[in-house]
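Below is one structure, written out as structure tokens; comments come after it.
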Amino acid sequence: MSPWPSPPAAPRPPDPDRFWGDADVVLRPEDPRPGSWAGGPSAQLVGGTWWLAYRLRRPVGEGRGFGNVVARSDDGVHFTPVVRFGKDRFGAESLERPALVHTPQGRWRLYVSCATPGTKHWRVDLLEADSVEELAGATARTVLPGSDRTAVKDPVIRTDGERWHLWASVHPLEDPAATDRMTTEHATSDDGVDWTWQGTALAGTPGSWDARGVRFATVVLDGGRTWALYDGRATAAENWEERTGLARSHGDGRFTAVAGGPLLQSPHPPGGLRYADVVTVPGGGARWFYEATRSDGAHELRTVLLPG
Numbered sequence: 022m023s024p025w026p027s028p029p030a031a032p033r034p035p036d037p038d039r040f041w042g043d044a045d046v047v048l049r050p051e052d053p054r055p056g057s058w059a060g061g062p063s064a065q066l067v068g069g070t071w072w073l074a075y076r077l078r079r080p081v082g083e084g085r086g087f088g089n090v091v092a093r094s095d096d097g098v099h100f101t102p103v104v105r106f107g108k109d110r111f112g113a114e115s116l117e118r119p120a121l122v123h124t125p126q127g128r129w130r131l132y133v134s135c136a137t138p139g140t141k142h143w144r145v146d147l148l149e150a151d152s153v154e155e156l157a158g159a160t161a162r163t164v165l166p167g168s169d170r171t172a173v174k175d176p177v178i179r180t181d182g183e184r185w186h187l188w189a190s191v192h193p194l195e196d197p198a199a200t201d202r203m204t205t206e207h208a209t210s211d212d213g214v215d216w217t218w219q220g221t222a223l224a225g226t227p228g229s230w231d232a233r234g235v236r237f238a239t240v241v242l243d244g245g246r247t248w249a250l251y252d253g254r255a256t257a258a259e260n261w262e263e264r265t266g267l268a269r270s271h272g273d274g275r276f277t278a279v280a281g282g283p284l285l286q287s288p289h290p291p292g293g294l295r296y297a298d299v300v301t302v303p304g305g306g307a308r309w310f311y312e313a314t315r316s317d318g319a320h321e322l323r324t325v326l327l328p329g
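Each residue of the sequence shown is one higher than the one before, starting from 22 at the first, in our numbering.
Okay, structure coming up:
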């Protein structure tokens with residue numbers, strides 16, 4: 022018997038009106054001011070239990086991304102923290118969005134984005150254990166090291182029944198004043214640990230709302246109808262306040278942004294809505310998690326249940 026489970030029916034792109042108006046707040050930031058965030062969600066539904074990994078952040082100069090948390094829930098809205106990881110655990114200056122994965126063999130993995138102190142470099146470390154609770158004592162190993170020329174972070178990881186796929190934001194470092202630029206690069210693996218880069222999945226559209234950089238937030242594998250939501254920004258000034266666009270797969274690893282974006286944004290200026298993740302719900306529908314800007318400039322973690 023194959024260790025790969027049969028995939029559930031793929032969700033469709035979300036309704037922008039309901040995405041905000043019908044959402045519940047999962048987690049508020051600890052301090053209601055700009056630069057204080059609760060977000061960067063990555064979700065799993067396993068055996069009827071919801072698991073959610075997320076990032077906590079303070080403003081620049083006060084700690085930045087100071088922690089990753091994995092929490093559990095019975096309803097997908099009200100979560101209780103199970104394990105917490107501080108940035109010192111990884112020798113990092115800051116942590117970004119984690120990626121939580123439940124493997125076909127039943128093990129748990131947490132891919133953690135780590136900033137190298139004193140630089141603009143990022144890498145991705147992996148924790149693995151038999152249970153979420155045991156991730157607390159797992160040994161971290163670097164699986165996406167980046168290089169002296171590139172920073173790698175914010176992976177989105179999927180399996181298709183044959184291979185592992187990863188999409189990460191990659192930032193060029195040759196110009197210290199422009200390290201916020203980013204493309205989404207695609208990698209594949211036989212085991213989810215050793216990755217081979219395959220090329221650029223999506224780059225920004227010149228002159229458009231996403232010209233400065235694009236970062237995949239979620240990928241929905243659906244054969245020839247595979248699609249992704251991505252975070253985009255037009256300028257360096259929009260760093261940390263990306264909005265969300267829709268991209269569709271060519272079937273060869275490349276994606277094309279759908280015109281007319283962004284698809285999703287917060288109603289609170291400057292409109293940041295990013296890091297959307299989706300999980301199909303048994304019986305129909307899909308639950309979305311995302312990070313969004315509030316009226317006070319802080320970011321909160323929200324969830325919404327939409328028709329599949």
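All C-beta atoms in this analysis are idealised placements derived from N, C-alpha and C, irrespective of residue type, glycine included. Just so you know, these numbers come straight off a predicted model, no measurement behind them.
A straight line joining the alpha-carbon of residue 314 with that of residue 76 spans about 15 angstroms. Within the segment 100-180, complete beta strand (DSSP E) segments of at least 3 residues are found at 101-107, 120-123, 129-136, 143-150, 162-165 and 171-180, given in chain order. For residue 257, the three-state secondary structure derived from DSSP is helix.
Note on residue 295: 16 or more other CB atoms within 10 angstroms of its CB, so buried under the neighbour-count rule. Under the DSSP definition of a beta bridge, residue 40 lacks any partner. Residue pairing from DSSP places residue 239 in a beta bridge opposite 250. For residue 245, the secondary structure class from DSSP, reduced to helix, strand or coil, is helix. For residue 185, the enclosing beta strand (DSSP E) starts and ends at 185-193. Short of 8 angstroms from the beta carbon of residue 147, and not among the five residues preceding or following it, lie these beta carbons of its own chain, in chain order: 130, 131, 132, 133, 161, 162, 163, 164 and 214. Between the segment 280-288 and the segment 67-83, the count of Cβ pairs shorter than 8 angstroms is below three; the stretches do not touch.
Counting C-beta atoms within 10 angstroms of its own C-beta, residue 81 has fewer than 16 neighbours from the protein chains shown and is therefore classed as exposed. Spatial neighbours of residue 86 in its own chain (CB-CB distance under 6 angstroms, excluding positions within 5 residues in sequence) are listed in chain order as 76, 78, 115, 116 and 117.
For residue 324, same chain residues with a beta-carbon under 7 angstroms away, outside a window of 5 residues either side, are 44, 45, 47, 97, 98, 308, 309 and 310 in chain order.
Of the candidates 239, 190, 56 and 104, the residue whose Cα lies closest to the Cα of residue 31 is 239. Note on geometry: alpha-carbon atoms of residue 192 and residue 204 lie some 7 angstroms from one another. Where residue 86 is concerned, the enclosing beta strand (DSSP E) starts and stops at 86-94.
The DSSP-derived three-state label of residue 288 is coil. About 7 angstroms separates the beta carbons of residue 259 and residue 291, which is inside the 8 angstroms limit, making them a contact pair.
Residue state for residue 216 is assigned as coil, using DSSP reduced to three classes.
Under the three-state reduction of DSSP, residue 198 is assigned to coil, being neither helix nor strand. Under DSSP, no beta-bridge partner is assigned to residue 232.
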